[in-house]
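Student: Below: one structure in structure tokens.
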Amino acid sequence: MKMVIKQILNTNAVISNDENGQDVLLLGSGLGFKSRMGDAIDQERVEKQFILKDKNHKSQFREILDTVPQEYIMVAEDVIDFAVQVFDMTLNETIHISLVDHIYHAVENFQQGLVVPNSILHDIIRFYPDEYKVGQKMLDLIESKFGYRLSNDEAGFVAMHFVTARHNQISGNAKKMIVMVSELNDLIMSELNFQVKEDSLPYYRYMTHLKFFAQRVMKKYYYKEHGGARMLEELLRNYPDEYRCSQKVCQYIEDKYHYKAGHDELVYLAVHLSQLKNS
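Just so you know, we're using this note's numbering here: the sequence shown kicks off at 96 and counts up by one.
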């Protein structure tokens, strides 16, 4: 499909339409230079492209284009591409704005000798390893492009941006969710007191469930009950320790986060714990 310029944002960024008629933002050196609306776009000069559906996000990205050098934008887009291609992440479009803004100011801070400590770095590495690897990729790209090696704390902060974008959290809630996952895991491990293989499939499934459980708590989203109450008796008979542990977790959530988990939530957690114990 032949793409034409619909709007010129600056010398390196234009807006066109894709095959579905959606606005698509195109980035590339000189794409908008001496161009006019309606001109055909040289596809060989397009380096990055993505869709921003929200009008506010389009406006915010225009501000980014006006205030942040192009090379930072391209680094951010390379990091996003890495996350999508290597880890198959589905991300909220806000990542195109929040990530470049963070990277730009992180480099500024580094140049001024400022290192911001990340108080939950250990939890990020442990519970969100894929997102942390994306953060490490950012460190590599920054070092390659600008010659600065930012701290692992910054890799953790970038990981938090991807946690936010991946789980559609409100900005600022990623830290709360990571802390919650850590709290729940610590409670479960102390209650059940058994060794787990963190590289096993049951552990991966358990951690995935725990992350989405925390997400539901943050968003106050409740499962529709599908008969979980009928399974409670069987769970109590066959997996009493896991059942009681799930009860304590749900009570903890209710006491601290004012979220009352239903029967299904308790059942699903107990099932994951039983599989984890038997792995």
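Backbone N, C-alpha and C fix where the C-beta goes; we use that ideal spot for every residue, glycine too. Predicted model, so just to flag it, every value in this text is computed and none were measured.
1) First and last residue of the alpha helix (DSSP H) that includes Ser111?
2) Which full runs of the alpha helix (DSSP H) of 4+ residues lie inside the stretch 113-191, going along the chain?
3) Quick check: Phe145 and His191, are their CB atoms within less than 9 Å of each other?
4) Alpha helix (DSSP H) containing Asn247: first to last residue?
5) So the candidates are Lys148, Val210 and Glu226; which of them puts its Cα closest to the Cα of Tyr189?
6) Short check: CB of Glu337 to CB of Leu282, under 9 Å?
7) For Val99, which beta-bridge partners are listed by DSSP?
8) For Lys306, is the classification buried or exposed, using 16 other Cβ atoms within 10 angstroms of its Cβ as the cut-off for buried?
9) What does DSSP give as the partner residue(s) for Asn105 in the beta ladder?
10) Please identify the residue among Ser285, Ser124, Tyr199 and Asp161 whose C-alpha is closest to the C-alpha of Lys143.
11) What's the gap between the Cα of Ser246 and the Cα of Ser214?
12) Are Leu160 and Ala108 close, meaning C-beta to C-beta below 9 Å?
13) Can you give the Cα-Cα distance for Ser111 and Ala309, rounded to whole angstroms?
14) Would you mind sorting Leu296 into buried or exposed? The rule is 16 or more other CB atoms within 10 Å of its CB.
15) Quick one, are the C-beta atoms of Met302 and Asn280 less than 9 Å apart?
16) Express the C-alpha separation of Ile103 and Cys345 in angstroms, rounding to a whole number.
17) Going by the CB atoms, is the gap between Val170 and Val195 shorter than 9 Å?
18) Put Ile273 into one of helix, strand or coil per three-state DSSP.
19) Within 10 angstroms of the Cβ of Gly47, are there 16 or more other Cβ atoms? Answer buried if so, exposed if not.
20) Could you check which residue in Lys292, Leu371, Met275 and Ala365 has the C-alpha nearest to that of Met313?
21) Does DSSP put Phe363 in a helix, a strand or coil?
Tutor: This is what the structure holds:
1) Here Ser111 belongs to no alpha helix (DSSP H); instead the beta strand (DSSP E) covers Ala108 to Asn112.
2) 150-162 and 165-182
3) yes
4) Asn247 to Arg261
5) Correcting the residue identity first, residue 189 is Thr in this sequence and not Tyr. Ranking the options by Cα distance to Thr189, first place goes to Lys148.
6) no
7) Ala135
8) buried
9) Ala108
10) Ser124
11) 13 Å
12) yes
13) 39 Å
14) exposed
15) yes
16) 53 Å
17) yes
18) helix
19) In the structure displayed, the chain extends from 96 to 374; residue 47 sits before or after that span and is not available.
20) Met275
21) Per the sequence shown, the amino acid found at residue 363 is Tyr instead of Phe. The answer is helix: DSSP assigns Tyr363 an H, G or I state.
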